[in-house]
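Undergrad: Below is one structure. I have some questions about it.
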Amino acid sequence: MIGYLDAVLLLLVMATVVFVAAIWRHYSARGVREQYGIPEGELLYSDLGEPGEALFSEKYRISGKPDYVLRDEMTGAYIPVEVKSGRAKKPYWNHILQLGAYCLLVEERYGTSVPYGILVYGDGRQHRIDFTDTIRSQVLSTVEEMRRCIKDGTVRRNHTAPVRCVNCAYLAECIYALEGD
Ligand code: SF4
C-alpha cells in the first residue's frame, strides 16, 4: 500500500516531469522559430519541433496542420505561419492556397477572423499574404474541384519529378508515384 509521503513524492515527480516537458517544448519551438526567423508574437500552436494536432473545419470538411499559429502582438489577430524549405523570390500560388486553407481552419478553430498569414521560405524571406475574399473563394473552389476529381476518377499527377514522390506523405497509396533513380 502506498503511504502518504510516497503519494506526495509521486505527485512531485509527476509535476516535475510535466514542468520539464513544457519547458522542453517551449525551447524546442523557440529554437525552430529562431532558425526560420518566425516573427514575434504569442505562440498558440506549433507543428514544428514536435507534431501538433490537426485543425479540422466542420463547415468546409477540410483539415490541416499549419507550422505555427501566432497572435499578432500589435493587433491580437490570429496568424497562421507556413515554413517552406525551398527558396522563392515570390510566393508560389499553391503555397498561397495552402496558407489560405489554414486561414479558414484557424478562423473556425479559434472563432475569429484571420486578416493574413505568413509564408517563410528557406532563404529567410517572409511574405505576408492578405487573406482576401479572392483567396478565400479560390481555396473553396479548389477544394470543390479536388472533390470532383476524386469522385469522377480524373485525378492525375501534375509533375515529372521523382524526388517529390519520394518525400510525399501519400507515396504508399498513390498509383501515380514515380520511382527515384
Ligand atoms: S506520390 Fe503521388 S501524390 Fe505524392 S507527389 Fe507523387 S504523384 Fe503526387
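Sequence positions in the sequence shown follow my numbering and run 4 to 184.
Where a beta carbon is used, it is the ideal one built from N, C-alpha and C, also for glycine.
Fair warning: this is a prediction, and the values are worked out from it, not measured in the lab.
Considering only the alpha carbon of each residue, which of N161, K62, G44, G67 lies closest to P54?
TA: The option with the nearest alpha carbon to P54 is G67.
Undergrad: Would G114 pass as an interface residue toward chain B - the criterion being a Cβ-Cβ separation below 9 Å?
TA: Looking at the structure shown, chain B is missing, and only one protein chain is on hand.
Undergrad: Give the range of the beta strand (DSSP E) segment to which H162 is assigned.
TA: Here H162 belongs to no beta strand (DSSP E), and DSSP marks it neither H nor E.
Undergrad: Let me check you understand the geometry: is the CB of H162 closer than 8 Å to at least one non-hydrogen atom of the ligand SF4?
TA: Checking every heavy atom of the ligand SF4 against the Cβ of H162, one is found closer than 8 Å.
Undergrad: For the alpha helix (DSSP H) containing L108, list its first residue and its last residue.
TA: L108 -> alpha helix (DSSP H) spans 96–113.
Undergrad: How about C152: is its Cβ closer than 8 Å to a heavy atom in the ligand SF4?
TA: Because no heavy atom of the ligand SF4 lies under 8 Å away, the Cβ of C152 does not count as near it: no.
Undergrad: Using 10 angstroms around the beta-carbon of I153, count the other beta-carbons present and answer buried if the total reaches 16, otherwise exposed.
TA: I153 should be labelled exposed.
Undergrad: Shorter than 8 Å, the distance from the beta carbon of Y179 to the closest heavy atom of the ligand SF4, or not?
TA: Yes, the ligand SF4 has a heavy atom inside 8 Å of this Cβ.
Undergrad: Between which two residues does the beta strand (DSSP E) carrying I65 extend?
TA: It spans 65–67 - the beta strand (DSSP E) in which I65 sits, taken as one unbroken run.
Undergrad: Would you say the beta carbon of R167 comes nearer than 8 Å to a heavy atom of the ligand SF4?
TA: Yes; taking the cut-off as 8 Å, the Cβ of R167 has a heavy atom of the ligand SF4 nearer than that.
Undergrad: Is it right to say A104 is buried, meaning 16 or more other beta carbons lie within 10 angstroms of its own, or is it exposed?
TA: With 16 or more Cβ atoms within 10 Å of its Cβ, A104 is classed as buried.
Undergrad: Can you tell me whether Y71 is buried or exposed? The criterion is at least 16 other CB atoms within 10 Å of its CB, across all chains shown.
TA: By the neighbour-count rule (16 or more Cβ atoms within 10 Å), Y71 is buried.
Undergrad: Less than 8 Å between the CB atoms is what I'm expecting for V142 and V86, so what's the real figure, rounded?
TA: Contact flag wrong, Cβ pair sits at about 19 Å.
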